[in-house]
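Contents: one structure, followed by commentary.
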Amino acid sequence: MQKLDKLSKKEIEIISTHIANAFIDYKYSINDKGLFKYIPNRDDMFTYINAIVQASYNSGLLYTTSKNREGYLILSGEGVGRISFCDGIKMILAEKKALGGWRNMKSFIYACFSDGGTIEYRMRKAKRKFVKIEVLAVRSEFQGQGYMRKMMSFVYALAKEKNVPVILDTDDMDKNLKYQHFEMRLDRMRNCGDDFHMYDLIYEVSEIR
Numbered sequence: 497m498q499k500l501d502k503l504s505k506k507e508i509e510i511i512s513t514h515i516a517n518a519f520i521d522y523k524y525s526i527n528d529k530g531l532f533k534y535i536p537n538r539d540d541m542f543t544y545i546n547a548i549v550q551a552s553y554n555s556g557l558l559y560t561t562s563k564n565r566e567g568y569l570i571l572s573g574e575g576v577g578r579i580s581f582c583d584g585i586k587m588i589l590a591e592k593k594a595l596g597g598w599r600n601m602k603s604f605i606y607a608c609f610s611d612g613g614t615i616e617y618r619m620r621k622a623k624r625k626f627v628k629i630e631v632l633a634v635r636s637e638f639q640g641q642g643y644m645r646k647m648m649s650f651v652y653a654l655a656k657e658k659n660v661p662v663i664l665d666t667d668d669m670d671k672n673l674k675y676q677h678f679e680m681r682l683d684r685m686r687n688c689g690d691d692f693h694m695y696d697l698i699y700e701v702s703e704i705r
């Protein structure tokens, strides 16, 4: 795994396109619309993802599998860092544009935080430190070749070094099952509205083999 730096604006846009395509082309399970419910348009999905990628890159949170960039990983949390205030504001403004305005963004945020709050919120409330997987995406032409496992192993090793759990949330039952295949545990499935669920997962350091 490599932390990405010295990227041009064009390179960041290419990475954002790869990740946005992974989201927009994903076939959700029958009872989940996921992020596609709020951002069904490819251009808007790029705007949304590009805001996250740019802010994460600026804050030193963006990783890739190798020089070939088969997959991408965005992390935050203990010993990793977090998005800076200024980059966070820019990200929010771009996300607002992608979602179609403040009203739609408010609805989206309310849905994402509903039914007990995010796992990150609950961990912070319990004063527990963690490493969080913000984004994990493998480019379509490299899927099924072990790159997801490589990225998960990297995160687990980092968490073990920091002696903290790994957390994430995802928006689809099948994605949730895939993470469980990689030994994460479903902490809670949250009902966030019509055909929109969030699956909160955790991997405790004591479970790392």
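First residue of the sequence shown: 497, per my numbering; consecutive thereafter.
Note that the Cβ used here is the ideal one computed from N, Cα and C, for glycine as well.
| Item | Value |
| --- | --- |
| Just the Cα atoms here: how many angstroms apart are Y568 and T561? | 7 Å |
| Can V651 and L571 be called in contact, C-beta distance under 8 Å? | yes |
| Consult DSSP for G577 and reduce its assignment to one of helix, strand or coil. | strand |
| Below 8 Å between beta carbons: does that hold for E591 and A547? | yes |
| Going by CA-CA distance only, name the one from I526, L531, M541 and Y524 that's closest to E509. | M541 |
| According to DSSP, is V631 helix, strand or coil? | strand |
| How many angstroms separate the CA atom of F519 from the CA atom of P536? | 10 Å |
| Consider the C-beta atom of M694 and the heavy atoms of the ligand SAM; say whether any pair is separated by less than 7 Å. | As presented, the structure is devoid of all ligands, the ligand SAM included, so that no description of it is given. |
| Can you tell me whether DSSP reads Y544 as helix, strand or coil? | helix |
| So, for E700: in the same chain, excluding its five sequence neighbours on each side, which residues have a beta-carbon less than 6 Å away from its beta-carbon? | P661 |
| Got a sec, what are the start and stop residues for the alpha helix (DSSP H) Y643 sits in? | Y643 to K658 |
| My guess is that F532 and Y544 are in contact by the Cβ rule of under 8 Å, so how many angstroms apart are they, rounded? | That belief does not hold up - the Cβ atoms of F532 and Y544 are roughly 11 Å apart, past 8 Å. |
| Using only alpha-carbon positions, find the residue among R645, R684 and Y643 that is nearest to I663. | R684 |
| If distances are taken between C-alpha atoms only, which option among R635, I588 and N672 comes closest to D696? | N672 |
| So, with DSSP's three-state summary, where would you put Y568? | strand |
| Taking contact to mean at least 3 C-beta pairs separated by less than 8 Å, is the stretch 619-632 in contact with the stretch 574-583? | yes |
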